[in-house]
Amino acid sequence: MPPTRAELLHTAKNLFVTYNKWNVEDIMAIRTSDCTHRVLPSSLGQAPLDNDAFRRFVENLMLGIPKGFNFTIDEKTPLVDESARKVVVFAKSKAETVAGPYANEYIFVVTVDESGNKIAGVEEFVDATIVKDFLPKFEEAMAKLA
């Protein structure tokens, strides 16, 4: 039996629960073995990340964002496509980083596996202007840590 709307939404929300816990093992545990993560828009030049690359990405972020993110999702607006097993969520985040405060807005398209329990893919649309403005400061601060 395919996952229900409630199951799909629950699994998608778990993405943000694990991000807020800010523990790499928890973040990786909810992903399928072949999960891919894409940070968009493509103008940011980010290649899709398989699990190994995503783990390294998160571990590196943890060095610069030691207290983690505070993600909130708009509970009123998630869109669920049961046949495609996709959930679209509007989210916001805040974090204290080595380069100072960070905040962004996102649209996440989360694909859930056939069991309804794991995340098979993530397309993370960020506010590119915020990322482009903040990234040089973050990279400079991270270089000082090395």
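Residue numbers for the sequence shown, in the working numbering: 14 to 159.
Glycine included, each C-beta is placed from N, C-alpha and C at the ideal position.
- Residue range N64 to G77 is occupied by the alpha helix (DSSP H) that includes N73.
- Residue state for D146 is assigned as helix, using DSSP reduced to three classes.
- In the DSSP assignment, the residues bridged to V139 are Y119.
- Bounds of the beta strand (DSSP E) holding T45 are R44 to L53.
- Under the criterion of beta carbons closer than 8 Å, F138 and Y115 do not qualify as touching, at roughly 17 Å.
- K157 carries a helical assignment under DSSP once its states are collapsed to helix, strand and coil.
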